[in-house]
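Protein chains: 2
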Amino acid sequence: MKTRTGLKLSDVGEFGFIARLARTFNQRLSENVTGIGDDCAVLPWKGDWKLLVTTDLLLDGVHFLKEKIEPTDLGYKALAVNLSDLAAMGGEPLWAFLSIALPAETELAWADRFFSGWKSLSEKTQVKLLGGDTTRTTASMVINVAVLGKAREKYIKYRSGARPEDLVAVTGELGSSEGGLRLLLKKELKDLRGPAEKSLLRRHFRPRPQLQEGFFLAHQPQVGAMMDVSDGLDSDLRRIMERSGTGAEVYLEKLPVSPALKRCSQQYGWRLEEVAAAGGEDYCLLITVRPEGYSDLDRHYRQKFGRSLYPVGRITSKKGKLIYLQAGQPVILQKSGFDHFKI
Amino acid sequence: MKTRTGLKLSDVGEFGFIARLARTFNQRLSENVTGIGDDCAVLPWKGDWKLLVTTDLLLDGVHFLKEKIEPTDLGYKALAVNLSDLAAMGGEPLWAFLSIALPAETELAWADRFFSGWKSLSEKTQVKLLGGDTTRTTASMVINVAVLGKAREKYIKYRSGARPEDLVAVTGELGSSEGGLRLLLKKELKDLRGPAEKSLLRRHFRPRPQLQEGFFLAHQPQVGAMMDVSDGLDSDLRRIMERSGTGAEVYLEKLPVSPALKRCSQQYGWRLEEVAAAGGEDYCLLITVRPEGYSDLDRHYRQKFGRSLYPVGRITSKKGKLIYLQAGQPVILQKSGFDHFKI
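Note that the protein sequences, when read in sequence, are chains A and B.
Those letters in the first sequence? Residues 8 to 350, by the working numbering.
Those letters in the second sequence? Residues 8 to 350, by the working numbering.
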């Protein structure tokens, strides 16, 4: 690759950088391996089973604030965000690998609590910790988790599966985790004792990876594309558009938001639709659904999970165009999703 | 786990911490999975093939110094140290995952050179980059690499395979990488232009993962235990002793050292045996060999690779005792291998 002198990562952003990498490295993959660009890599395993692999890097000061998160929550969340990537392709978790760098003065009691939080989720989801790497750090804490899972080849959903006219739906409320993060950055934990505040903080600290939902949705032929909402609906839907060669429109008044987020948005002066559309880390699932199959799918989903899908938009053929509508009128959203190099 | 209040990671060290983790997590692994405590985890794959997984975390300021390493060398080495873990169990590499956190002001040209170093090794070893995670960091650079490889079940060597009376051998010279590191910490790169200095620096920056050697040795029934020399012979041999329930003795005068290391040890006043026995990151292989099969093994090895194995010691039945001998007399070594929490 030739690079204009002085060009910095912040000039191209995370997604620009990943696109460069994909161009460099994706050229010679064999046909039965899918690489960079989806929630997980898909590798050959036994017979028609595929092995799914995902990995996430979490840094103190970027992805979490050590002084503002309980070690049990951090241990839980480090695993949860990876399981969410598996859920996004319909995978069942098998094994995890944890690399962790801790300052040498870290108390063992802190580490024990981290692992008790991890275990509370790993036992529930039956994922086994098989190894990793531990090291000291002279700077801030670093956590990298890799998770392996399995899925049958024909029941894996990709980001590239969307088609024009598909409906866009999510499986959970949007923006609550972002609300929790905003509270956290504003105040001390001890000053956040109201029920709405506590609810948003819990969504931020304890996202539930939607493994059952992902597994179910992956088995439904009406579902086109699937991914998890990690960087925010705005950013994540653009990934589906890119991989599927489509556009999309989103109806702002249809974005599902929790009562707690409504209350806090009023109280703290947040723009509710902006938080819901651009806030990251909800870790629910984002799907596109063939329009003729939507009502059947929603009925089966309700029977199984006791709640509906939330339809929030539509896939269009206008490649690369994401349009927000409010009462049928196009509006411009202030803030777009999280990009890890643009600060 | 119950923990005495105030106990810190530095009080138990990296290996104490890993032992705690292994106790917490290894209880319920199924029989066809091997977890924490070897160079790689061993997972079921197709038929009698196993999937090997290893992961390594590299931090600026701990494992490398960004200002003192060329980005091409760093990209090469980040992959090399993981391939060495595969080599240590006899594995053939397949796929890699890279998580990298870079400061937003990093130049794209720097990143391109990092990836060109990575590629120079990944193409030679046919390992495909399938994914990972990229993020900005407000602190120092972080790299985590995970590598997956394959091996036939019956040709995997473990750390637990040593028996009393086995000979201990290594496949390469010891201490050169540590010599390179000492030079690096002492001087600027531009002041290290002598041939001996350049040779040690190259050993430090460009360790060769011994994949062919590891594959060959894993297929030989005379080989008992195998691992790679990453933390230093002293530290790594103790890992084999622990997993095999044995002791060992090492003959200091037999430790293979390069002419460059000899020259620099004289010039800079290093204790040669100490550097060779305790210096890390040589990434050659450490094996134990049934004594009756050693000469056959060495002959085959020489035929295949054009050089001998280096016998350096013997496994004993004195559980946990590592004894150094010089001219037949026990000596005490000053410095033991690298422990990531003890600073």
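Ideal Cβ placement from N, Cα and C applies to all residues, glycine included.
query	result
Can you round the beta-carbon distance between Ser-183/B and Ser-272/B to whole angstroms, since I take them to be within the 8 Å contact cut?	Not a contact, Cβ separation roughly 11 Å.
Please confirm whether Ile-43/B has its beta-carbon closer than 9 Å to some beta-carbon of chain A.	yes
Any beta-carbon of chain B closer than 9 Å to the one on Glu-21/A?	yes
Where Leu-174/B and His-226/B are concerned, what is the direct C-alpha to C-alpha distance, given to the nearest angstrom?	17 Å
Applying a beta-carbon distance threshold of less than 7 Å, which residues of chain B neighbour Gly-13/A?	Glu-114
Confirm, please, whether the CB-CB distance from Leu-268/A to Val-282/A is below 9 Å.	yes
Spatial neighbours of Lys-161/A within its chain, please: C-beta separation below 8 Å, excluding the five flanking residues on both sides.	Asp-55
Measuring CA to CA, which of Pro-228/B, Ser-237/B, Gln-336/B is closest to Pro-214/B?	Ser-237/B
With respect to the beta strand (DSSP E) encompassing Thr-295/A, which residues constitute its N-terminal and C-terminal limits?	292-296
Under 9 Å, do Gly-68/A and Phe-104/A count as touching if we go by C-beta distance?	no
Out of Lys-194/B, Leu-137/B, Lys-325/B, which has the shortest C-alpha to C-alpha gap to Leu-58/A?	Leu-137/B
If you draw a straight line from the C-alpha of Ile-339/B to the C-alpha of Ala-285/B, how long is it?	12 Å
With DSSP collapsed to three states, give me the class of Arg-278/A.	coil
Taking Cβ-Cβ distances shorter than 7 Å, what residues in chain A pair up with Ile-25/B?	Thr-141
Take the Cβ of Gly-13/B as the centre, count every other Cβ of all protein chains shown within 10 Å, and call the residue buried at 16 or more, exposed below.	exposed
Could you tell me which whole alpha helix (DSSP H) segments of length 4 or greater appear in the stretch 180-224 of chain B?	183-193, 202-212
Is Phe-71/A close to chain B? Criterion is C-beta to C-beta, closer than 9 Å.	no
With 9 Å as the threshold, decide whether the Cβ of Thr-253/A is near any Cβ in chain B.	no
Could you compute how far the alpha carbon of Tyr-301/B sits from the alpha carbon of Lys-193/B?	41 Å
Tell me, to the nearest whole angstrom, how far the beta carbon of Leu-292/A is from that of Gln-217/A; I am working on the premise that it is less than 8 Å.	5 Å
Who are the neighbours of Leu-332/A on chain B, taking C-beta pairs under 9 Å?	Simply none; closest approach about 32 Å.
Using the DSSP secondary-structure output, state which residues sit across from Ile-247/B in a beta bridge.	Ile-247/B is not bridged to any residue.
With a 10 Å radius around its C-beta and 16 neighbouring C-beta atoms as the bar for buried, classify Tyr-83/B as buried or exposed.	buried
Given Lys-349/B, which residues of its chain have a CB within under 8 Å of its CB, disregarding the five upstream and five downstream residues?	Low confidence applies here, because Lys-349/B scores a pLDDT of 49, under 50, leaving its location unreliable; read the following figure in that light. Result list for Lys-349/B: Ser-17, Gly-20, Glu-21, in chain order.
DSSP three-state call for Gly-13/A: helix, strand or coil?	coil
Kindly provide the ranges of any beta strand (DSSP E) runs that are 3 or more residues long and lie completely inside the stretch 40-121 of chain A, ordered along the chain.	48-51, 56-66, 99-109
Comparing alpha-carbon positions, which option in Trp-102/B, Ile-43/B, Arg-306/B lies nearest Thr-41/A?	Trp-102/B
Does Lys-126/B come within less than 9 Å of chain A when only Cβ atoms are used?	yes
How big is the Cα-Cα spacing for Gly-252/A and Asp-305/B?	59 Å
Contact between the stretch 70-86 of chain B and the stretch 163-172 of chain B is defined here as three or more beta-carbon pairs at a separation below 8 Å; is this criterion met?	no
Which of the residues in the stretch 271-298 of chain A, read from start to end, lie with their CB under 8 Å from any CB of chain B?	none
Beta-carbon within less than 8 Å of Ala-48/B's beta-carbon, same chain only, minus the 5 sequence neighbours each way: which residues are those?	Val-40, Thr-41, Gly-42, Leu-59, Val-60, Thr-61
Among Pro-51/A, Leu-191/A, His-307/A, Asp-46/A, which residue has its Cα nearest to the Cα of Asp-63/A?	Asp-46/A
Which residue marks the beginning of the beta strand (DSSP E) containing Lys-328/B, and which one marks its end?	No beta strand (DSSP E) contains Lys-328/B, which DSSP labels as neither H nor E.
Quick one: list the residues of chain B neighbouring Thr-144/A, beta-carbon separation under 7 Å, in chain order.	Leu-66, Val-69
For the putative contact between Leu-90/A and Val-154/A, defined by C-beta atoms under 8 Å, what is the C-beta separation to the nearest angstrom?	6 Å
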